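Here's the structure, in structure tokens; my notes come after.
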Amino acid sequence: RKRTVILISGRGSNMAALIEAADDSSFPAKIVGVISDKAEAAGLGLAASNGIATRVVARGDFASKDAHDAAIDAALREFGAEIVCLAGYMRLLTNGFVEKWQGRMINIHPALLPLLKGLDTHQRALDAGLRIHGCTVHFVTAAMDDGPIIAQSAVPVLTGDDEKALSARVLGAEHALYPMALRLVAEGKARMEGGRTVFSGFEAPNHNGL
Ligand code: GAR
């Protein structure tokens with residue numbers, strides 16, 4: 004099973020979904036650690052209560068962004084990480100760090116990329132009048148929210164939705180999608196090659212049964 008470390012900054016509900024999926028010994032990834040850039044992240048307690056080792060690597064403890072990312076890189080190596088999952092990690096990573104983990108680091112973004120990169124995706128989906136919204140898991144590259152797509156899940160925007168209702172619907176989709184995408188990467192069925200995702204042996208997945 005591929006040794007997998009999750010980076011978080013907060014609540015950690017996607018982290019919890021990955022931990023739960025990987026709890027099954029037939030899942031191809033094993034969660035060996037959780038790293039947070041925030042000491043107060045609620046996800047840290049959740050991880051610890053599941054018996055997962057946790058580390059806080061706070062930006063304020065380092066003089067530069069490069070030094071911060073170097074410390075995260077060192078923690079990943081201590082965990083023996085083979086795959087890195089960003090799960091609500093709310094900080095941009097330096098190019099040097101991203102290059103080191105390219106092809107082995109994935110992220111979940113709460114929108115159907117390449118629409119709505121960046122923050123506040125649910126309010127922006129509502130403001131744009133979108134009728135379909137969703138989430139994306141992609142390989143992480145130097146450009147923010149721009150790496151090759153691994154899997155997507157769509158949800159409807161319903162009449163009367165506010166940000167809270169829409170974000171809750173997308174979050175439910177995230178919790179189903181992220182374990183599926185991690186499985187593909189851990190099994191080597193979705194690989195990053197030449198700036199694209201290459202799928203082997205099956206049709207590229209979404210999570211809507213389409
Ligand atoms: C999730 O919706 C995730 O997609 C999003 O933050 C939330 C974290 O929730 N990530 C980003 O916006 C990345 N820029 P969680 O901590 O409960 O998983």
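Numbering (UniProt numbering), first residue to last: 4 to 213. We put the beta carbon where it would ideally sit given N, CA and C, even for glycine. These numbers come from a predicted model, not from an experiment.
With DSSP as the reference, identify every bridge partner of residue i, one or two as the case may be.
i: I9; result: V37 and C88
i: V173; result: Paired residue(s): none; V173 is not in a bridge.
i: R194; result: V201
i: H141; result: N110 and I152
i: H136; result: V158
i: A32; result: K5
State the Cα-Cα distance for the pair residue i and residue j, rounded to the nearest angstrom.
i: R80; j: T139; result: 27 Å
i: T162; j: R194; result: 38 Å
i: G36; j: G15; result: 13 Å
i: R186; j: P159; result: 26 Å
i: K41; j: A61; result: 6 Å
i: L95; j: T124; result: 17 Å
i: G150; j: F30; result: 25 Å
i: D76; j: G46; result: 20 Å
i: A84; j: H141; result: 18 Å
i: residue 1; j: E23; result: There is no way to answer for residue 1, as the model of the chain reaches only from 4 to 213.
i: F202; j: A168; result: 33 Å
i: A128; j: H136; result: 7 Å
i: G91; j: G175; result: 14 Å
i: G132; j: Y181; result: 26 Å
i: D26; j: R4; result: 12 Å
i: I9; j: A20; result: 11 Å
i: R134; j: A157; result: 10 Å
i: C88; j: N53; result: 17 Å
i: E43; j: G204; result: 42 Å
i: I11; j: M93; result: 8 Å
i: S67; j: K192; result: 37 Å
i: H71; j: W104; result: 15 Å
i: A78; j: G13; result: 19 Å
Can you tell me where the beta strand (DSSP E) holding residue i begins and where it ends?
i: S156; result: I152 to P159
i: N110; result: M108 to H112
i: G83; result: No beta strand (DSSP E) holds G83; DSSP gives it neither H nor E.
Cα-Cα, which of the options is closest to residue i?
i: D130; options: V35, E166 and V143; result: E166
i: T200; options: C88, R62, G106 and N98; result: G106
i: L119; options: R134, T97, V59 and D148; result: D148
i: R177; options: I111, V59, A146 and V8; result: The amino acid at residue 177 is misidentified as Arg; the sequence shows Glu. Answer by Cα proximity: I111.
i: E196; options: I152, M18, A50 and A157; result: I152
i: V59; options: A66, G48 and S67; result: G48
i: A114; options: A73, S170 and W104; result: S170
i: A50; options: M18, G198 and L122; result: M18
i: P117; options: A74, A146 and G13; result: A146
So residue i is in the alpha helix (DSSP H); what residue range does that whole segment cover?
i: R199; result: Unbroken run through R199 is the beta strand (DSSP E), R199 to F202; no alpha helix (DSSP H).
i: T57; result: From DSSP, T57 is part of no alpha helix (DSSP H) but of the beta strand (DSSP E) over T57 to V59.
i: residue 217; result: Because the chain spans 4 through 213 in this model, residue 217 falls outside it and cannot be assessed.
i: N53; result: Taken as a continuous stretch (DSSP letters only), N53 belongs to no alpha helix (DSSP H), as it is neither H nor E.
i: L21; result: S16 to A25
i: L129; result: T124 to D130
Would you say residue i and residue j are within 8 Å of each other, going by their C-beta atoms?
i: A154; j: A179; result: no
i: A32; j: I86; result: yes
i: I55; j: I34; result: yes
i: T57; j: V101; result: no
i: D69; j: T97; result: yes
i: F82; j: R172; result: no
Less than 7 Å between the CB of residue i and some heavy atom of the ligand NAD, yes or no?
i: I135; result: Only the ligand GAR can be found as ligands here, which leaves the ligand NAD out of the picture.
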